[in-house]
Structure formats: structure tokens, C-alpha cells
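Everything below concerns the one structure shown next.
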Amino acid sequence: MHDIVQDYYGKQLTQTADLKTTACCDISQVPEWFKPLLAKIHPEVLSRYYGCGLVCPPLLEGCRVLDLGCGSGRDVYALAQLVGPTGEVVGVDMTDEQLAVARAHQAHHAEAFGYSNVRFLHGYIERLDELGLELGSFDVIVSNCVVNLSPDKAAVLAGVQRLLKPGGEFYFSDVYADRRVPEAVRNDPVLYGECLGGALYWNDFLRLARGAGFIDPRLVDDRPLSVTDPALAAKLGNLRFYSATYRLFKLDGLEDACEDHGQAVIYQGSIPHLPHGFMLDKHHAIETGRVFPVCGNTFRMLHDSRFAKHFQFIGDFRQHFGLFEGCGSSIPFDATPAANNNGSSGGCC
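So my numbering is basically just the index in the sequence shown, starting at one, shifted up by 43.
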């Protein structure tokens, strides 16, 4: 599969418009706060963007960030502006043609930003241990529509787990299916390159994530995908695909269900660009100044991560009141696009 992906993204695709599905983002959906970041990125880098979501979580200043499958570097250069001169962004990709574009414009971006804080490595995201990266050294790891292209997704998640600091997070967008993808679709070179053939059934992804130590995956947002090519649509039949953004925290003590310990948090409105509220995930839009009851896992995600100083915390783990209501197991994605919550940290770009 590596050969198929390298050929598709290195030779078959020369610009975003060459894609045959809506997996990649429409520029009209880019949030306002993100547009000034894009304005400083070289046009050639922007023209070869193939992501499916927004992988710039809040509060990145000074962080060390790793981008898996960085391609021509659009997200790396956007993240570089968010981490600032005291942070660093490392991009990893296996496609020489894409890396050549990313590296060709490093000097341009260093001049535009006023500092140089990025580097690009050639490598495979399921073999991160071969890149000489220090274990437990990254605050945040991101990926944009790339994990589905890997033939060994369990190895990707295991590598991410090893490289994250305690309290760090894997914040990534990818494509998922509403059922297991049949072999004929998996083996179709175009469907694989379009991020559909390698898409995981959403529940299988959750199992893989938990098996890698990410006990409580959190869905940030999602949208249904359309296949705009009639010939490809005919091959897919009743399969349905979704672009979704998840955040996986590396935290000890997370439980495999939402347990109620009588805890709550109060968001102080102090995270940049989020004065009115903070959206941890699709079901936790926390309004500024309001007492917000949370389960034990949500408490830990906020208390034991870079977000801690922006919240007040009420309660501890000395009492237990059973299971939080609404902890279900049905498909988590929306069938139709929904408006962003006020205070959202993301949304598909």
C-alpha cells in the first residue's frame, strides 16, 4: 500500500482540485481565526493540501508538535505560527515529492514568521521509532487524513503513545466508515488514495485506540462525505463515510466508561480566541463562568493537561455516584452537517 499512496500523492495528484471526493476541505469552511495563518503560507504549499479537517487545537504556544503525514507542509506552517518561536513543529512524510515542496519553502516561511521552528523528516508513520525522536517529548501530535492510508494503524497509535508526554494529546482528523470496508474497496488504488479504501469502521477505530492505551477517545466534530465521481460512487454501494476529528489524551487513570464522581469545572475564558466557551469535544461545550458537571475522565483531561490553569476544579475522586447518563454505543457521527457550537475550538476547514 505504501507504493500506491506514494504514487497517488507524489505523481497522480498535483493539486487539491484533482481529488474525486469531498474528503478534503472547502476553503469557505475555514474559520476566521485560521485565515490569517493561511495568508502567510506559500501558495504552492496551499495548492497541494489534501487534509480533511482542522488539526490546530487551542493553546499551543511553546508546545512541541509532531505532524504525521505532513505532505507539503500546510499544517506544519500553520502550527508553527501557533506554537511561536519557543515551540517546534516536526513534520513526517514518506512521499519525496511532497517533502520537496515543504522543504523548498522553509526560508520563505522563516522570513514571513520572523523565526524558524520547523523541520521535516522522511519516514513512515507506522515506524516512528526509526526516526530518532525522543520518547515522551511531544505535547501534541496531529495528523490530517493520513492514518487511514497506513497499512498498520495499530502501530501508528502505539508510536504516538510512546512519543507523547504524559497529559499530551493526539489531535487528528481522518475518514471513517459506517461499517467494515469490503476487500474490493480496500484494494482499489483510487479509492485507497482518496482515503476511502483504508478507512476504518468507526467502532474498530475505538477498539484500536483503547488497545493502544487511549482509553477514552473524544470526538470533536464530524461531517458526512460525498463521492463526486459517479464511477467511484457505484463501487461503494451503501457504504457511508465521514470525516471526523478525534482527540486522544495520554493520561493515567482514565476509566473505560463515564463515571460520576460529583465533579465539576468552571472555564475562565482565558484561552486565546475562546473568550465565551471551550469545546473539549462534541458533547462538552463549556460556557465561560458556568459550573459544568463532568465525569472523572473529563476532569482528568482538563486537570492533568495543558488546559489546567484555565479552569477551576470542583471535587475529587473520593466519592462515586455511578455512571454518567448518556454514555451510549451507537454511531457517533451526524448524518447531516451541524452548526458549530459557540466557543468551538475547531470545526472542519
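Heads up, the beta-carbon is just placed ideally off N, CA and C, and yes, glycines get one too.
Sixteen is the threshold: since fewer than 16 other Cβ atoms of the shown chains lie within 10 Å of the Cβ of Lys352, the residue is exposed. Just measuring C-alpha positions, the residue of Tyr158, Gln124, Leu251, Tyr120 sitting nearest Val144 is Tyr120.
Per the C-alpha coordinates, the member of Gln355, Asp295, Met344 positioned closest to Glu330 is Gln355. In the three-state reduction of the DSSP assignment, Gln306 falls in the strand class, which pools E and B. In the DSSP annotation of this structure, the continuous segment of the beta strand (DSSP E) that includes Gly320 starts and ends at 320 to 324. Counting C-beta pairs closer than 8 Å gives three or more between the stretch 320 to 336 and the stretch 292 to 310, which meets the contact rule. The stretch 184 to 204 makes no contact with the stretch 318 to 325, as fewer than three CB pairs between them are under 8 Å.
DSSP places Glu212 outside any alpha helix (DSSP H); the residue lies instead in the beta strand (DSSP E), whose first and last residues are 207 to 220. Per DSSP, Ala255 is not a residue of any beta strand (DSSP E), being assigned neither H nor E. Straight through space, the alpha carbons of Pro209 and His346 are spaced by roughly 12 Å.
Judged by DSSP secondary structure, Ala351 falls outside any alpha helix (DSSP H); it is assigned neither H nor E.
With respect to Asn191, Asp172 sits apart: the two C-beta atoms are not nearer than 9 Å.
Setting aside the 5 residues that flank it on each side, Leu262 is surrounded in the same chain by Ala287, Tyr289, Asp324, Lys325, Pro375, each with a C-beta closer than 7 Å to its C-beta; the list follows chain order. In the three-state reduction of the DSSP assignment, Ala287 falls in the strand class, which pools E and B. Residue pairing from DSSP places Ala328 in a beta bridge opposite Met322. By the C-beta density criterion, Asn340 is buried, having at least 16 other C-beta atoms within 10 angstroms.
Excluding sequence positions up to five before and after Phe213, its CB lies within less than 6 Å of the CB of Ile184, Val203, Leu291, all in the same chain and listed in chain order. Of the candidates Ser159, Glu140, Ala255, Leu142, Ser159 places its Cα closest to the Cα of Leu125. A straight line joining the alpha-carbon of Ala274 with that of Pro86 spans about 32 Å. Counting C-beta atoms within 10 angstroms of its own C-beta, Trp76 has fewer than 16 neighbours from the protein chains shown and is therefore classed as exposed. Secondary structure note for Pro128: it is in no alpha helix (DSSP H), with a DSSP letter that is neither H nor E.
Contact annotation, Leu111 with Val135: C-beta distance approximately 6 Å; criterion of less than 8 Å satisfied. Collapsing the DSSP output to three states places Asp264 in a strand. Closest in alpha carbon position to Tyr219, among Arg205, Phe248, Ala197, is Phe248. Excluding its 5 nearest sequence neighbours in each direction, Arg283 has C-beta neighbours in its own chain below 6 Å: Asp221, listed in chain order.
Between Ser193 and Glu169, the beta carbon gap of about 5 Å places them in contact (Cβ cut-off 8 Å). Rounded to whole angstroms, the gap between the alpha carbons of Lys293 and Ser348 is 9 Å. Taking C-beta atoms under 8 Å as the contact rule, Ser180 and Arg91 fail to qualify, at a distance of about 28 Å. In chain order, Ala66, Cys188, Asn191, Val218 place their CB closer than 6 Å to the CB of Cys238, counting only its own chain and leaving out the 5 sequence neighbours on each side.
Under the criterion of beta carbons closer than 8 Å, Leu164 and Leu178 do not qualify as touching, at roughly 16 Å. Note on Thr138: 16 or more other CB atoms within 10 angstroms of its CB, so buried under the neighbour-count rule. DSSP, read as helix, strand or coil, puts Pro101 in coil.
As the crow flies, the alpha-carbon of Leu297 is around 18 Å from that of Ile357. Within the stretch 148 to 190, the complete alpha helix (DSSP H) segments at least 4 residues long are 149 to 156, listed from N- to C-terminus.
Where Pro86 is concerned, there is no enclosing beta strand (DSSP E), although the alpha helix (DSSP H) around it starts and stops at 86 to 90.
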